[in-house]
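Enquirer: The opening position of the sequence shown corresponds to residue 1 in the numbering used here, with each subsequent residue numbered one higher. Glycine included, C-beta positions come from ideal geometry on N, C-alpha and C. It should be emphasised that the depicted structure is a prediction, and the values quoted were computed from it without experimental measurement. Have a look at the structure that comes next, please.
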Amino acid sequence: MRALVITKHGPPEVLKIEEHPDPQPGAGEVRVRVRAAGINFADTSARMGLYPDAPKPPCVVGYEFAGEVESLGEGVTTVAVGDRVMGGCRFGGYAELVVAQAASVFPLPEGWSFEEGASFPVVYGTAYAGLIRYGSVLEGERVLIQAAAGGVGIAATQIAKRRGAHVLGTASPGKHEAIRANGVDEAFGYDLPRTLPKVDIVLDAIGGASFRRSYDLLRPGGRLVAFGASSVVGGEKRNLVRAAPQALRMLRGFNLLDQMSASKAVIGLNLLTLWDDRQTLEPFVAPLREMLEDGTLRPVVSDEVPFDRAAEAHRIITERRNVGKVMLVP
């Protein structure tokens, strides 16, 4: 099979197509013919050497995929050969074939493209965990979604609106129309006005100084869910001089006594950690089934890029040109 390999840490050009042996499914696993693979910000960080959970290069990354089931491992009864599915894998999605746990593979909703399916499991699972499992969003609450034009931002907006929340979203000005069309009630740039009324929940994947600004915007009882640090990553390759100041701001953390006094919560979220602990994405995807079936949730695909142009796909992400998910197509 063809696989897209991070040959070494560096700029997008380190991504190379190589021939690899076809993976074989073990007990409880399925092999899927990949028709689309989603790119997450973690993938670009892994390429730069800024994502500690990623395997060391040369390696094949990629968490989300969609395609057709090609073969089954022992004991698998939840899917059949030929089924159209979407799923999550513990790396390896940037390839023509991927092996994944059957428990983290789900039917592709009727009428969805493979690209939409590959935009769903990890992104919407993250949004669900942040807003509902951790954020406990309630009807009428004010929710601020930082980077509302990204994959998780779009997913979180759709979930929050379904729960009856009032959604504020940040994005660059050129993306405001798009995030409003997705359900954002009030669109802002990243330099939020000082007069902004306090909010109940903030979802923040920017990191650095943004975490403190988000925390200060919370009213008593508010929850900050921190699930990324895109401000640490800039340019096309690792730059520790740029990353260090942003990382140091996060290392200073939050004072627990101050949190108690203010009655605010700071919650860290890493879906990969939860996934490893539960050994499946099912607890974070299955609760969204009703919203899938009634059409509340529908991913937004920004770009579909062939494997042989993978460098361009990564640039779209790092240059923040996308509204929605960027897809790799084998």
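In terms of residue numbering, what span does the alpha helix (DSSP H) encompassing Lys-161 cover?
Expert: The residue you call residue 161 lines up with position 161 of the sequence shown. Secondary structure note for Lys-161: its alpha helix (DSSP H) is the uninterrupted segment 151-162.
Enquirer: Take Ser-172 and list the residues in its own chain whose beta-carbon comes closer than 8 Å to its own, dropping the five residues that flank it on each side.
Expert: The residue given as residue 172 occupies position 172 in the sequence shown. Once the five neighbours on either side are set aside, the close Cβ partners of Ser-172 are Ala-149, Gly-189, Tyr-190, Arg-320.
Enquirer: Return yes when the Cβ of Phe-65 is within less than 8 Å of the Cβ of Gly-87, no when it is not.
Expert: Counting from 1 along the sequence shown, the entry for residue 87 is found at position 87. Counting from 1 along the sequence shown, the entry for residue 65 is found at position 65. For Gly-87 and Phe-65, yes; Cβs fall inside 8 Å.
Enquirer: Hey, would you say Leu-334 sits closer than 8 Å to Ala-310, going by beta carbons?
Expert: In the structure displayed, the chain extends from 1 to 330; residue 334 sits before or after that span and is not available.
Enquirer: Beta strand (DSSP E) containing Phe-17: first to last residue?
Expert: Translated into the one-based positions of the sequence shown, residue 17 becomes position 17. Looking at the sequence provided, one finds Ile at residue 17 rather than Phe. Per DSSP, Ile-17 belongs to the beta strand (DSSP E) from 15-19.
Enquirer: Going along the chain, which residues of its own chain have a beta-carbon closer than 8 Å to the beta-carbon of Phe-307, five neighbours each way excluded?
Expert: To locate residue 307, count along the sequence shown from 1; it is residue 307. Correct list, in chain order: Arg-2, Leu-4, Ile-17, Tyr-94, Leu-328, Val-329, Pro-330.
Enquirer: Just to confirm my understanding: we take Val-300, look at its own chain, exclude 5 residues before and 5 after, and list those with CB closer than 6 Å. What are they?
Expert: Your numbering for residue 300 matches position 300 in the sequence shown. Ile-154, Gly-324, listed in sequence order.
Enquirer: In three-state DSSP terms, what is Val-266?
Expert: Start at 1 with the first residue of the sequence shown, and residue 266 comes out as number 266. Strand.
Enquirer: Please classify Arg-194: is it buried, with 16 or more other beta-carbons within 10 angstroms of its beta-carbon, or exposed?
Expert: Locating residue 194 in the sequence shown gives position 194, counting from the first residue. Exposed, because fewer than 16 other Cβ atoms sit within 10 Å of the Cβ of Arg-194.
Enquirer: Counting pairs of Cβ atoms below 8 Å between the segment 212-227 and the segment 262-269, do you hit three or more?
Expert: yes
Enquirer: By DSSP, does Pro-11 sit in helix, in strand, or in coil?
Expert: Against the sequence shown, residue 11 aligns to sequence position 11. Coil, per DSSP.
Enquirer: Assess contact between the segment 159-174 and the segment 138-149, defined as three or more Cβ pairs (one per stretch) separated by less than 8 Å. Is contact present?
Expert: yes
Enquirer: Could you tell me whether the Cβ atoms of Phe-41 and Gly-208 are closer together than 8 Å?
Expert: Stepping through the sequence shown from its first residue, residue 41 is reached at position 41. Stepping through the sequence shown from its first residue, residue 208 is reached at position 208. No.
Enquirer: Are the beta-carbon atoms of Thr-273 and Gln-101 separated by less than 8 Å?
Expert: As a position in the sequence shown, residue 273 is number 273, starting the count at 1. As a position in the sequence shown, residue 101 is number 101, starting the count at 1. No, the pair does not count as a contact, with Cβ atoms beyond the cut-off.
Enquirer: Can you round the beta-carbon distance between Arg-73 and Val-105 to whole angstroms, since I take them to be within the 8 Å contact cut?
Expert: As a working note, residue 73 is residue 73 in the sequence shown. As a working note, residue 105 is residue 105 in the sequence shown. Note on identity: in this sequence residue 73 is Gly, with Arg being the wrong assignment. 11 Å between Cβ atoms; not a contact.
Enquirer: When you compare the CB positions of Asp-294 and Val-326, do they come within less than 8 Å of one another, or not?
Expert: Locating residue 294 in the sequence shown gives position 294, where the first residue counts as 1. Locating residue 326 in the sequence shown gives position 326, where the first residue counts as 1. Contact: no.
Enquirer: Pull the bridge partners of Gln-24 from the DSSP assignment, please.
Expert: For the purposes of this step, residue 24 is identified with residue 24 of the sequence shown, where counting begins at 1. Paired residues: none, contrary to the question.
Enquirer: List the endpoints of the continuous beta strand (DSSP E) containing Ala-66.
Expert: For the purposes of this step, residue 66 is taken as residue 66 along the sequence shown, with counting starting at 1. Note, Ala-66: beta strand (DSSP E), 64-72.
Enquirer: Starting from the C-beta of Gly-130, find all residues in its chain whose C-beta is less than 7 Å away, skip the five residues before and the five after it, and write them out in chain order.
Expert: Looking up residue 130 in the sequence shown gives position 130. Excluding residues within five positions, the ones whose Cβ falls inside 7 Å are Ala-156, Leu-203, Val-225, Phe-227, Leu-269.
Enquirer: Using beta-carbon positions only, say whether Val-60 and Ala-54 come within less than 8 Å of one another.
Expert: Your numbering for residue 60 matches position 60 in the sequence shown. Your numbering for residue 54 matches position 54 in the sequence shown. Not a contact, by the Cβ cut-off of 8 Å.
Enquirer: In whole angstroms, what separates the C-alpha of Ile-159 from that of Gln-24?
Expert: Against the sequence shown, residue 159 aligns to sequence position 159. Against the sequence shown, residue 24 aligns to sequence position 24. Cα to Cα, Ile-159 sits roughly 36 Å from Gln-24.
Enquirer: Leaving out the 5 sequence neighbours to the left and right, which residues in its chain are closer than 8 Å to Leu-217 when beta-carbon positions are compared?
Expert: Reading the sequence shown from its first residue, position 217 is the one you call residue 217. Only Leu-144, Leu-192, Leu-196, Lys-198, Val-199, Val-202 meet the Cβ criterion.
Enquirer: Which whole runs of the alpha helix (DSSP H) in the segment 25-111 are 4 residues long or more, in chain order?
Expert: Listed in chain order, they are 41-48.
Enquirer: May I have a chain-ordered list of the beta strand (DSSP E) segments no shorter than 3 residues that lie completely inside the segment 163-205?
Expert: 166-170, 186-188, 199-204
Enquirer: According to DSSP, simplified to helix, strand and coil, what is Leu-257?
Expert: Numbered from 1 along the sequence shown, position 257 holds the residue referred to as residue 257. Annotated three-state conformation of Leu-257 is helix, per DSSP.
Enquirer: What residue from Gly-10, Arg-33, Cys-89 has the CA that sits closest to Pro-58's CA?
Expert: Walking along the sequence shown from the start, residue 58 turns up at place 58. Selected option, being the one with the closest Cα: Gly-10.
Enquirer: Is Ser-214 helix, strand or coil when you go by DSSP?
Expert: Numbered from its first residue, the sequence shown carries residue 214 at position 214. Three-state result, Ser-214: helix.
Enquirer: Grab the span of the alpha helix (DSSP H) containing Met-291 for me, first residue to last.
Expert: Along the sequence shown, one-based indexing puts residue 291 at 291. Its alpha helix (DSSP H) spans residues 289-293.
Enquirer: Can you tell me the Cα-Cα spacing of Val-32 and Gly-67, whole angstroms?
Expert: Your numbering for residue 32 matches position 32 in the sequence shown. Your numbering for residue 67 matches position 67 in the sequence shown. Cα-Cα distance, rounded: 6 Å.
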